[in-house]
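Peer 1:
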Amino acid sequence: MLSFLKQPIVVTAEINLNLVALTLLALLSRLWGLSYPRAVVFDEVYYGQFVSLYMKRIFFVDDSGPPLGHMLLALGGYLGGFDGNFLWNRIGAEYTMNVPVWSLRLLPALAGALCVPLAYQILVEMHFSHCAALGAALLILLENSLITQSRFMLLESILIFFILLAVLSYLKFYNLPRNSFFSGSWWFWLLLTGAACSCAVGVKYMGLFTYLLLLALSGLHFWHLIGDQSLSNVSLIYHFLARGLALLIIPLALYLSFFYLHLALLYRSGPHDQIMSSAFQASLEGGLARITQGQPLEVAYGSQITLRNVLGKPMQCWLHSHTSTYPIRYENGRGSSHQQQVTCYPFKDVNNWWIVKDPGMQQLVVSNPPRPVRHGHIVQLVHGITTRYLNTHDVAAPLSPHSQEVSCYIDYNISMPAQNLWRVEIVNRESDSEVWKTILSEVRFVHLNTSALSGASLPEWGYRQLEVVGEKLSKGYHQSMLWNVEEHRYGKSQEQKEREVELHSPTQMDISKNLSFMAKFTELQWKILTLKNEDTEHKYSSSALDWITMDTNIAYWLHPTSAAQIHLLGNVVTWTSANLAALLYTCLSLWYLVRRRRQIYDIPEDAWQLWLSAGSISLGGWAVNYLPFFLMEKTLFLYHYLPALTFQILLIPMVLQHLSDHLCSSLLLKSMFSGLTIAWFSSVYFAYCTFSPVSYGWPSLSAGELKGLRWRDSWNILLRRQ
Numbered sequence: 001m002l003s004f005l006k007q008p009i010v011v012t013a014e015i016n017l018n019l020v021a022l023t024l025l026a027l028l029s030r031l032w033g034l035s036y037p038r039a040v041v042f043d044e045v046y047y048g049q050f051v052s053l054y055m056k057r058i059f060f061v062d063d064s065g066p067p068l069g070h071m072l073l074a075l076g077g078y079l080g081g082f083d084g085n086f087l088w089n090r091i092g093a094e095y096t097m098n099v100p101v102w103s104l105r106l107l108p109a110l111a112g113a114l115c116v117p118l119a120y121q122i123l124v125e126m127h128f129s130h131c132a133a134l135g136a137a138l139l140i141l142l143e144n145s146l147i148t149q150s151r152f153m154l155l156e157s158i159l160i161f162f163i164l165l166a167v168l169s170y171l172k173f174y175n176l177p178r179n180s181f182f183s184g185s186w187w188f189w190l191l192l193t194g195a196a197c198s199c200a201v202g203v204k205y206m207g208l209f210t211y212l213l214l215l216a217l218s219g220l221h222f223w224h225l226i227g228d229q230s231l232s233n234v235s236l237i238y239h240f241l242a243r244g245l246a247l248l249i250i251p252l253a254l255y256l257s258f259f260y261l262h263l264a265l266l267y268r269s270g271p272h273d274q275i276m277s278s279a280f281q282a283s284l285e286g287g288l289a290r291i292t293q294g295q296p297l298e299v300a301y302g303s304q305i306t307l308r309n310v311l312g313k314p315m316q317c318w319l320h321s322h323t324s325t326y327p328i329r330y331e332n333g334r335g336s337s338h339q340q341q342v343t344c345y346p347f348k349d350v351n352n353w354w355i356v357k358d359p360g361m362q363q364l365v366v367s368n369p370p371r372p373v374r375h376g377h378i379v380q381l382v383h384g385i386t387t388r389y390l391n392t393h394d395v396a397a398p399l400s401p402h403s404q405e406v407s408c409y410i411d412y413n414i415s416m417p418a419q420n421l422w423r424v425e426i427v428n429r430e431s432d433s434e435v436w437k438t439i440l441s442e443v444r445f446v447h448l449n450t451s452a453l454s455g456a457s458l459p460e461w462g463y464r465q466l467e468v469v470g471e472k473l474s475k476g477y478h479q480s481m482l483w484n485v486e487e488h489r490y491g492k493s494q495e496q497k498e499r500e501v502e503l504h505s506p507t508q509m510d511i512s513k514n515l516s517f518m519a520k521f522t523e524l525q526w527k528i529l530t531l532k533n534e535d536t537e538h539k540y541s542s543s544a545l546d547w548i549t550m551d552t553n554i555a556y557w558l559h560p561t562s563a564a565q566i567h568l569l570g571n572v573v574t575w576t577s578a579n580l581a582a583l584l585y586t587c588l589s590l591w592y593l594v595r596r597r598r599q600i601y602d603i604p605e606d607a608w609q610l611w612l613s614a615g616s617i618s619l620g621g622w623a624v625n626y627l628p629f630f631l632m633e634k635t636l637f638l639y640h641y642l643p644a645l646t647f648q649i650l651l652i653p654m655v656l657q658h659l660s661d662h663l664c665s666s667l668l669l670k671s672m673f674s675g676l677t678i679a680w681f682s683s684v685y686f687a688y689c690t691f692s693p694v695s696y697g698w699p700s701l702s703a704g705e706l707k708g709l710r711w712r713d714s715w716n717i718l719l720r721r722q
């Protein structure tokens, strides 16, 4: 039984020393002196504030993209013991001792370092030589712009890591032999492809472009699989379902999980609450939740309520009235009703309170038991402080003459009777008998017209508050027509003075309202996609055309006393070579296509297929990550080009190997080409060394040396005045 012990147990392993050496060099280049400078560098001032909010569990909305990248940066802060206490108010501010700078920059640096071995492996999986793979990895290693971007608390290196991981995983999956279908390794690489794509999109929406490219390649490869007669129909269905599961369903589930974790971490009220709905705000600890927690859920006759406009643009505001009246005549000569003004007020105020009244009864208190208001019920809205009724007449609104004026009715004993009956329509109802609910129900009030927020500010006589008008009733509706009850109490006082005291006091009742995760996700996702900060011209903003030739740079940091500085600048030789490689690939491909059309085959079929795969991954990856920026209306920076540049760099050794293998026909030509390649690579290393002082911020250069780095007149190298 123990005979197996007579022989030693031997474990053998193949170690690619090229890969090990490249990984160590990459880690050294990205992690060396990572805490330097101990000051806020460029967009660290932007992402750092979100890290602090994560540390304090305070909710925020960032319109730049999904939360995964922010959470990874926050993970670095958590691992370093960061408490979130730092004022991220300016670039160049010195970090205090409680800020773990090395830890905060660690994950982007690791991601940037791992891009080097990933580039090597991608070329190997595409069946290029190890020499070409080594060249691709070294080009990524010596690319100054990628080094700079990965050494700080920024997201591009993490995005590029997940993009390259997705490409490598798919190539690993595609290259598996037929006898590996549905094996463990087959599922592993397929699932990792979907997971990496989801993570790329979860870091920045730019990751979506590579995801779509891989989906297109997967679709094309599956189309070829359909033509394989050796596969049964059932097997093809299994292949289709497996790809759908791994490349669509699981990435979507992962994407949702990023938001689930994001919302679970950020459960406290914060500065961004106001752009969210009342229901969302009420789900957060503190803030509105402190006011609304325990409010009655069902609005009843006699309820005292505040009504918040659902649109929230140009700012959040509440239905409001005060004792002032509309002027008898406006500046343009038009007359008004001279009734009490009704506006939309962007601050919480006691004059925002209204009482829901039954038109058939005089009482302004909730009965016992309460009589809930349902969809379709007719109500009157009584202003809590002035006790005047919400009203509209056939009188033009002050700023929107095509719409009707909304007012609180004052009886001037003239031929203008009150018109103060409103039908409650719950737009997001599930049934026609649904009860009007606090926070959750979005309602519009139908008179002969529909109340709507115009968004224009009234003049001085209206205290610059927002205009409220009556619009003609239509089948459709706009969010400006919708209101939701935000604060709510059951009225108990029939006497006006007692009611005023009641309106000034907080409410406390025990009924909770929970918003589901999917409801919160849908609202937050919509805000991220539609909420756009005003794009302002930035000193270092650029156009997509500037990126190809690197006509622009970005000054990331300047030492407060010396000339040491950090710039986002690429390796000039690599950028130029990448453009030439893309141009040469395009020209050669067109030449081959025309020749093949004439039945002239210059290269073997396997070399042609390798050439096409090189273009589909490298040139395709460059195109999908670059061309969409021409359609974007946003402030653009040079770092937006880095994912596209990474794919273009991978094309350089592919083109070089193709030229060596198929266009250098003699041994002499091959030797000459090899010598030129070595000389070219030496120039890449020279450019890397030349610009490394402004990539790492060390050593400090003299004014003359800095002027020598201005290889282009458009570069903004900072020179201190003597």
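What the sequence shown shows, in the UniProt record's numbering, is residues 1 to 722, in sequence order.
Even for Gly, the Cβ is constructed at its ideal location relative to N, Cα and C.
1) For the putative contact between R308 and N484, defined by C-beta atoms under 8 Å, what is the C-beta separation to the nearest angstrom?
2) Would you mind sorting R90 into buried or exposed? The rule is 16 or more other CB atoms within 10 Å of its CB.
3) Taking just the CA atoms, how far does W611 sit from R598?
4) What is the DSSP secondary structure of W354, reduced to helix, strand or coil?
5) Residues in the same chain with beta-carbon distance under 7 Å from I548, minus the five sequence neighbours each way, listed in chain order, please.
6) Taking just the CA atoms, how far does A26 sit from L141?
7) Under 7 Å Cβ to Cβ from T96, same chain only, skipping five residues before and after it: list those, please.
8) So is H488 buried or exposed if we call it buried at 16+ other beta carbons inside 10 Å?
9) Relative to the C-alpha of F182, which residue among R243, R151, Y211, F162 is closest?
10) Can you pull the DSSP bridge partners for R308?
11) Which whole runs of the alpha helix (DSSP H) in the stretch 579-636 are 4 residues long or more, in chain order?
12) How far does the beta strand (DSSP E) with L558 in it extend, from its first residue to its last?
13) Sort out for me which residues DSSP pairs S407 with in a bridge.
14) For a quick check, are the C-beta atoms of E442 and L482 less than 8 Å apart?
15) Within a Cβ cutoff of 6 Å, which residues of the same chain sit near A614, ignoring the five residues on either side of it in sequence?
16) Excluding sequence positions up to five away, which residues of its chain have a Cβ less than 7 Å from the Cβ of L192?
17) Where do the N-terminal and C-terminal ends of the alpha helix (DSSP H) with L381 fall, by residue?
18) Starting from L568, trace the beta strand (DSSP E) in both directions and tell me its first and last residue.
19) Out of M550, Q229, L656, point me to the one whose CA is closest to W715's CA.
20) Which residue marks the beginning of the beta strand (DSSP E) containing W88, and which one marks its end?
21) Can the beta-carbon of L107 be found closer than 8 Å to that of G76?
22) Using CA atoms only, rank isn't needed, just tell me which of D661, H658, F686, S618 is closest to L171.
23) Using only CA atoms, which one of L138, Y255, L297 lies nearest to V373?
24) On the DSSP letters alone, give me the boundaries of the alpha helix (DSSP H) that W102 sits inside.
25) If we count the other Cβ atoms within 10 Å of its Cβ and call it buried at 16 or more, is D394 buried or exposed?
26) Between the C-alpha atoms of Q609 and A137, what's the straight-line distance to the nearest angstrom?
27) With 8 Å set as the bound, which would you pick, yes or no: does the beta-carbon of V446 sit closer than that to a beta-carbon of chain C?
28) State the DSSP-derived secondary structure class of S516, mapped to helix, strand or coil.
29) For a test of the three-state rule: what should DSSP assign to S400, helix, strand or coil?
30) Which of the three DSSP states is assigned to E523 in this structure?
31) Could you tell me the alpha carbon to alpha carbon distance between residue 725 and L164, rounded to whole angstroms?
32) For N98, I'd like the list of residues in its chain whose CB is within less than 8 Å of its CB, leaving aside the five on either flank, ordered along the chain.
33) Let me know if I15 comes out buried or exposed under the rule of 16 or more other beta-carbons within 10 Å of its beta-carbon.
34) From the DSSP output, in three-state form, read off K437 for me.
35) Using the three-state DSSP reduction, which class does G244 fall into: helix, strand or coil?
Peer 2: Working from what's here:
1) Contact check for R308 and N484: beta-carbon distance about 6 Å, within the 8 Å limit, so the pair qualifies.
2) Burial is judged here by how many other beta carbons sit within 10 angstroms of a residue's own beta carbon; R90 has fewer than 16 and is exposed.
3) Whole-angstrom Cα-Cα distance: 19 Å.
4) W354 sits in a strand when the DSSP states are folded into three classes.
5) The residues are N579.
6) When the Cα atoms are used, L141 and A26 turn out to be separated by approximately 6 Å.
7) Only F86 meet the Cβ criterion.
8) Here H488 is buried, its C-beta having at least 16 other C-beta atoms within 10 Å.
9) Cα-wise, what sits closest to F182 is R243.
10) According to DSSP, which records beta bridges pairwise, R308 is partnered with W318, N484.
11) Taken in chain order, the complete alpha helix (DSSP H) segments of 4 residues or longer contained in the stretch 579-636 are 605-614, 620-626.
12) That run of the beta strand (DSSP E) goes 554-558.
13) S407 is bridged to Q341, N391.
14) Yes, the Cβ-Cβ distance between E442 and L482 is below 8 Å.
15) So the list reads M654, once near-sequence residues are dropped.
16) Taken in chain order, the residues that qualify are S169.
17) Per DSSP, L381 lies in no alpha helix (DSSP H) segment; the continuous beta strand (DSSP E) that holds it begins and ends at 378-383.
18) Where L568 is concerned, the enclosing beta strand (DSSP E) stretches over 565-568.
19) Of the candidates M550, Q229, L656, the one whose C-alpha sits nearest the C-alpha of W715 is M550.
20) Careful: W88 lies outside any beta strand (DSSP E) and carries neither H nor E.
21) Contact: yes.
22) Of the listed residues, the one whose Cα sits closest to L171 is S618.
23) Nearest option by C-alpha distance: L297.
24) Unbroken alpha helix (DSSP H) run through W102: 101-125.
25) Exposed, because fewer than 16 other Cβ atoms sit within 10 Å of the Cβ of D394.
26) Near 23 Å, if we compare the C-alpha coordinates of A137 and Q609.
27) Among the chains in the structure shown there is no chain C, since it carries only a single protein chain.
28) DSSP places S516 outside both helix and strand once states are collapsed to three, so it counts as coil.
29) Three-state DSSP puts S400 in coil, outside helix and strand.
30) Judged by DSSP in its simplified three-state form, E523 adopts helix.
31) Past the boundaries of the shown model lies residue 725; the chain is included only from 1 to 722, so the question cannot be answered.
32) Hits under 8 Å: F82, D83, N85, F86.
33) Looking at its Cβ environment, which holds fewer than 16 other Cβ atoms inside 10 Å, I15 is exposed.
34) When DSSP states are grouped into helix, strand and coil, K437 belongs to the strand group.
35) In the structure shown, G244 sits in a helix (DSSP, three-state: H, G or I).
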